[in-house]
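**Q** Structure below; questions to follow.
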Amino acid sequence: MRWLIRRVLKKGKGSISYEDDIHFGEILTIGRAADQAIFLPDLRAALNHASVTALGNGQYRVESLIVAGIRVNGELTYTKAVGTGAVIELGSTRLTLLDARGEFDAAVEVSTIDKSEQAAIRSSRSKPTSLDQTWIAKRWPSWTGFILVLALGLILPASTHVIPGFNTVLRYSPLPSTSFWNPGEVDAAHRFFATDCKRCHQHAFLMVRDNACTSCHVKTKAHADPARFNIPELGDARCGTCHQDHNGERGMVSRKQSLCSDCHSDLKSRTAGASQIADISDFGKAHPEFHINLPGWAANGEFMPKSMTWTASLKENSGLKFNHEKHLKADGLNTPNGRKTLTCANCHLPDAAGAAMQPIAFESMCHECHQLGFDTLAPGREVPHADVAAVTYTLDEFYARRGLEGGYADARAPTIVQERRRPGSPPMSRQEQVEALSWARDRAREAARTLFTGKACVTCHSISPPSGESDWNVAPVRVSGIWYADARFSHARHETMKCADCHAGAERSQASNDLLIPGIDNCRQCHAGAHASDKVASTCIACHAYHQSKTLTLDKPGAN
Amino acid sequence: MHDSILTYAKSRYLWISIVLCVVSIALYVWHDPAVAPNGGTWLGYTLGTIAALLIVWLMLFGIRKRSYATNMGTTRGWLSAHIYLGTSLILITLLHCGFQFGWNLHTFALVLMLIVIFSGFFGVYAYLRYPTLMTRNRESATRDAMLEEIGEIDQNALNLADGIAPEIHAVVLRSIENTKLGGGVMTQLRARDGSDIAIAKIRSAMEQRETQLGAAPAPMQAGQTMLLMVDFLAGRADDKQAEALRKLIDMLSRKRSLATRVARDIQYQAIMEIWLYIHVPLSVTLLAALIGHIVSVFFYW
Chain A
-7 MRWLIRRVLK KGKGSISYED DIHFGEILTI GRAADQAIFL PDLRAALNHA SVTALGNGQY
53 RVESLIVAGI RVNGELTYTK AVGTGAVIEL GSTRLTLLDA RGEFDAAVEV STIDKSEQAA
113 IRSSRSKPTS LDQTWIAKRW PSWTGFILVL ALGLILPAST HVIPGFNTVL RYSPLPSTSF
173 WNPGEVDAAH RFFATDCKRC HQHAFLMVRD NACTSCHVKT KAHADPARFN IPELGDARCG
233 TCHQDHNGER GMVSRKQSLC SDCHSDLKSR TAGASQIADI SDFGKAHPEF HINLPGWAAN
293 GEFMPKSMTW TASLKENSGL KFNHEKHLKA DGLNTPNGRK TLTCANCHLP DAAGAAMQPI
353 AFESMCHECH QLGFDTLAPG REVPHADVAA VTYTLDEFYA RRGLEGGYAD ARAPTIVQER
413 RRPGSPPMSR QEQVEALSWA RDRAREAART LFTGKACVTC HSISPPSGES DWNVAPVRVS
473 GIWYADARFS HARHETMKCA DCHAGAERSQ ASNDLLIPGI DNCRQCHAGA HASDKVASTC
533 IACHAYHQSK TLTLDKPGAN
Chain B
54 MHDSILTYAK SRYLWISIVL CVVSIALYVW HDPAVAPNGG TWLGYTLGTI AALLIVWLML
114 FGIRKRSYAT NMGTTRGWLS AHIYLGTSLI LITLLHCGFQ FGWNLHTFAL VLMLIVIFSG
174 FFGVYAYLRY PTLMTRNRES ATRDAMLEEI GEIDQNALNL ADGIAPEIHA VVLRSIENTK
234 LGGGVMTQLR ARDGSDIAIA KIRSAMEQRE TQLGAAPAPM QAGQTMLLMV DFLAGRADDK
294 QAEALRKLID MLSRKRSLAT RVARDIQYQA IMEIWLYIHV PLSVTLLAAL IGHIVSVFFY
354 W
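This is the structure:
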């Protein structure tokens, strides 16, 4: 086998000459020893550094003969099969394996690597020694992060505002939708449309308009008429001033005392006298005495409660005569059903909501003892309650029948009424009928008088006798029902209290005009303002409502 | 007294930041909004505006750092302010959001900001600690000088090794090939110099052999062939060869210590720089998140 060894000689100024040599044998040895086929006088080469075996057809195998290895095609290796064109570098020498031609079976070109090229190779092979030479960088990650966050965090969600339906697409994709903007969960009641931002945020870059609220919350009452009370806070207030959503389970109702006290602490001067409501800023410290609704009637008889400032000596006129002390005797009362001890709850029952008390009902509460019988000969018969006309009808009809039937065992009655008529006896003569009905009429009137003025109605009611056209008159009976007109009180929320804790003195009250409804001092035993330290901290809306106007609604301010 | 970036100008910016924080806390405590504290109250908007302006100003430090011809204060002053005002940003933003967090753009911006700030804390730590270590490690040489010396040692070692035996020459050649300073990010940070560990082993094997003559050779794992070779060589070598071998080993040890120092130099420099690869890109990303945060908040006001 013949190797062609071609040495490239540089002769300055870029001119090159070649010097060919022939080597016999399959293996071409490379090293610093004198017996090497390619002798390299370079300390970086070992004596027997490497060998190249020609495999024919332009194929070679390069083998390193020492532990340091040999660099083939820029890669340090021990054994490598290569084709023509492969470059072996050793120190300052470069060997290029060539395609064999003519009489040669293998060929190699030997050239020297000059100093500047060696330095270039060394620096290209040297590893990075500072971070800016490695793959990590600051510039492209900065741009990537900036553009990515701007695109996904801002532009994509914002585009849903102008592209209909796009937000739904985004919400079902892994990409961020407007929910990525959501600063907090919306109020529980608003969740059914929470995914549709535009339901409230109708216009970009504009605060939520009130009509976004009132489109659902129709007929929400206003607070006061801004046209009447010139308060900027009232006129400028949006729904969102007090009701901010996206606060999750905290809800949207503000319970802050300052919400009211900011204006109400000095309302007269703030409204330039338009409002005469007393100054209020704190339930514990600056709240006027309660106003109580007392029963009252207009001239036409219509119920019209009178609002009065509570005082200890205030009397109510419900029209009823009632003695609490007699009914609440500790040792009980004699009743048709035995001895019974009454408590408040026998008559005062909470209504379905638990807030107020049900009206007192004669039939279920009084009637067991206060029966409306009128004739000892017929103890089971009673007149109906609360209907004067029905009372007289009942009595007229009862005694007319007794008179015509006869057999009424009263010595004062005429004989024809006392006589029992047997079957087959002759009918009453016209004279006898007149006599019997005359008795009946008198008897009914007497019974009525006894009921109204003697033993029944007058016990509880004020009665005036019939005069001229009018019948017996029973004065109207009515308590106000809602005692605190402008505040909410709930018995249900005070269940842990005893009745007497607030309605003190009820068990000793002998007159029905005793006002057993407490004033503010009673509430202040337990309640104080927002900053209370040793009492129930109660802000204004514990009892009062903001949306309380009786005439104005928010959807159409100024309209009824 | 040399004052560090932390005590620059009698810690002027520390005091400014403390005042800023104390005022913010006082306002937050005093402020009693109708709803839970959030970015939408007047204090929320105020703190948010301060925070946003601070972020933009803190980012301007990257520009200020590069502009050498400026009369807008010293870079050291800017850095001191950058650190302290950047730290106060944590408090201001937390007060701004009223400690409300969620899976949204707003908290994302906050988290980005916190990562940027805490990476900055690492930077402060690195800048206070590593320059001293770096100076001490270099022993008043430069990295280039050390690299040059390594190159010279390589040359001399080859010369010397050639005079001993071809096997030793090959070992030294391999050692030169294996000495790779620098490398990827993790290599730089871990201070791997890649120089032939076997050299230390050769030395210890030599010493062991001298102290425990006749004793059984210690169990060998890595670089076994080489150790056997050294063992064999040292056994048959004459005094002159042994002397040259010892000299060679000393030379290679010197090279190894140099390589270790260069690797450590690279490591210190990498540590001082690596946090910037988080700090800078994330602060630019934060700027986008901040723009998104502000625009989105007013988009759906």
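Protein sequences appear in the order of chains A and B.
Using our numbering, you'd call the opening residue of the first sequence number -7 and step up by one each time.
Using our numbering, you'd call the opening residue of the second sequence number 54 and step up by one each time.
Every residue, glycine too, gets a C-beta built ideally from N, C-alpha and C.
Taking the alpha-carbon of Gly346/A as reference, which of Ala484/A, Val100/A and Gly94/A has the nearest alpha-carbon?
**A** Per the Cα distances, Ala484/A.
**Q** Check distances from the C-beta atoms of the segment 212 to 238 of chain B to those of chain A and list, in chain order, the residues that come in under 7 Å.
**A** Answer in chain order: Asn212, Asp215, Pro219, His222, Ala223, Val224, Leu226, Arg227, Glu230, Lys233, Leu234, Gly235, Gly236, Gly237 and Val238.
**Q** At least one CB of chain A closer than 8 Å to the CB of Val109/B: is that the case?
**A** No, Val109/B lies away from the interface with chain A (no Cβ there is under 8 Å from its Cβ).
**Q** Could you give the first and the last residue of the continuous beta strand (DSSP E) run that contains Trp(-5)/A?
**A** Run containing Trp(-5)/A: Arg(-6) to Lys2, per the beta strand (DSSP E) assignment.
**Q** Thinking C-beta only, is Asp254/A closer than 8 Å to Met244/A?
**A** No, they are not a contact pair.
**Q** Report yes or no: do the segment 22 to 33 of chain A and the segment 191 to 207 of chain B share at least 3 C-beta pairs separated by less than 8 Å?
**A** Short answer: they don't touch.
**Q** Provide the residue span of the alpha helix (DSSP H) that contains Arg53/A, from first to last.
**A** Looking at the DSSP string, Arg53/A is not in any alpha helix (DSSP H); the run it does join, the beta strand (DSSP E), is Gln51 to Ser56.
**Q** What first and last residue would you give for the alpha helix (DSSP H) that runs through Thr451/A?
**A** Its alpha helix (DSSP H) spans residues Cys449 to Cys452.
**Q** Quick one: list the residues of chain B neighbouring Pro156/A, beta-carbon separation under 8 Å, in chain order.
**A** Correct list: empty, because the minimum Cβ distance to chain B is about 17 Å.
**Q** Under 8 Å, Cβ to Cβ, is there at least one residue of chain A near Gln320/B?
**A** Chain A contact via Cβ: absent.
**Q** With 16 as the cutoff for other CB atoms within 10 Å, does Tyr98/B come out buried or exposed?
**A** It counts as exposed.
**Q** Strictly under 8 Å for the Cβ-Cβ distance: is Ile344/B near chain A by that measure?
**A** Judged by the 8 Å Cβ criterion, Ile344/B is in contact with chain A.
**Q** Return the CA-CA distance between Cys518/A and Leu341/A, expressed in angstroms with no decimal places.
**A** For Cys518/A and Leu341/A, the distance between alpha carbons rounds to 24 Å.
**Q** Give the C-beta separation of Ile58/A and Ala73/A to the nearest angstrom, bearing in mind that I take them to be a contact with Cβ-Cβ under 8 Å.
**A** Contact flag wrong, Cβ pair sits at about 19 Å.
**Q** Taking just the CA atoms, how far does Leu325/A sit from Gln423/A?
**A** Answer to the nearest angstrom: the Cα atoms are 50 Å apart.
**Q** Could you name the residues of chain B that Gly176/A contacts, counting a contact when the two beta carbons are closer than 9 Å?
**A** Within 9 Å Cβ-Cβ: Asn91, Gln153, Gly155 and Asn157.
**Q** From Asn239/A, Ala112/A and Lys211/A, pick the residue whose C-alpha is nearest to that of Ala181/A; which is it?
**A** When only C-alpha atoms are compared, the closest one is Asn239/A.
**Q** Measure the CB-CB distance between Ile62/A and Leu82/A and report whether it falls below 8 Å.
**A** Yes. Within cutoff.
**Q** Rounding to the nearest angstrom, what Cα-Cα distance links Gln425/A and Thr451/A in this structure?
**A** Rounded to whole angstroms, Gln425/A to Thr451/A spans 36 Å at the Cα level.
**Q** Between which two residues does the alpha helix (DSSP H) carrying Tyr98/B extend?
**A** Unbroken alpha helix (DSSP H) run through Tyr98/B: Trp95 to Arg117.
**Q** Less than 8 Å between CB atoms is the rule here; does Ile30/A satisfy it with respect to chain B?
**A** For Ile30/A, the answer is no, since every Cβ of chain B falls outside 8 Å of its Cβ.
**Q** Does Met244/A come out as helix, strand or coil in the three-state DSSP assignment?
**A** Met244/A falls in the coil class under three-state DSSP.
**Q** Excluding five sequence neighbours on each side, which residues of the same chain lie with their C-beta closer than 7 Å to the C-beta of Glu202/B?
**A** If we look at Glu202/B and ignore the five residues flanking it on each side, its Cβ neighbours are Leu311.
**Q** What residue range does the alpha helix (DSSP H) around Arg129/B cover?
**A** That run of the alpha helix (DSSP H) goes Thr128 to Cys150.
**Q** Which residue from Arg470/A, Val100/A, Pro149/A and Pro510/A puts its Cα closest to that of Pro297/A?
**A** Closest option to Pro297/A, Cα to Cα, is Arg470/A.
**Q** Can you check whether the CB of Ala196/A is closer than 8 Å to the CB of His153/A?
**A** Taking 8 Å as the Cβ cut-off, His153/A and Ala196/A qualify as a contacting pair.
**Q** Tell me, which residues are paired with Thr71/A by DSSP?
**A** Paired residue(s): Glu55/A.
**Q** Have a look at the DSSP bridge pairing and note the partners of Phe31/A.
**A** Beta-bridge pairing links Phe31/A to Gly23/A.
**Q** Short check: CB of Cys532/A to CB of Phe481/A, under 8 Å?
**A** In this structure, Phe481/A does not lie closer than 8 Å to Cys532/A by Cβ.
**Q** Taking C-alpha atoms, which residue in Leu59/B, Ile221/B and Lys233/B lies nearest to Leu132/B?
**A** Of Leu59/B, Ile221/B and Lys233/B, the residue nearest in Cα terms is Leu59/B.
**Q** Can you list the residues of chain B that Ile58/A reaches, using a CB-CB cut of under 9 Å?
**A** Those are Pro219, Glu220, His222, Ala223, Val224, Leu226 and Arg227, listed as they occur along chain B.
**Q** Against chain B, which members of the segment 322 to 344 of chain A pass a CB distance test of less than 9 Å?
**A** Correct list: empty, as no residue qualifies.
**Q** Would you tell me roughly how many angstroms separate the C-alpha atoms of Leu181/B and Ser141/B, rounded to the nearest one?
**A** Going from the Cα of Leu181/B to the Cα of Ser141/B covers about 20 Å.
**Q** I'd like the span of the alpha helix (DSSP H) that includes Leu47/A, first residue to last.
**A** First-last for Leu47/A: Ala42 to Gly48, but that is the beta strand (DSSP E), not the alpha helix (DSSP H).
**Q** Below 8 Å, how does it come out for the segment 207 to 214 of chain A and the segment 144 to 163 of chain A: are there three or more Cβ pairs, yes or no?
**A** No: the two stretches stay apart, fewer than three of their Cβ pairs being nearer than 8 Å.
**Q** Taking C-beta pairs closer than 8 Å, name the residues in chain E that Ala323/B reaches, listed in chain order.
**A** The structure shown contains no chain E; the protein chains it does contain are A and B.
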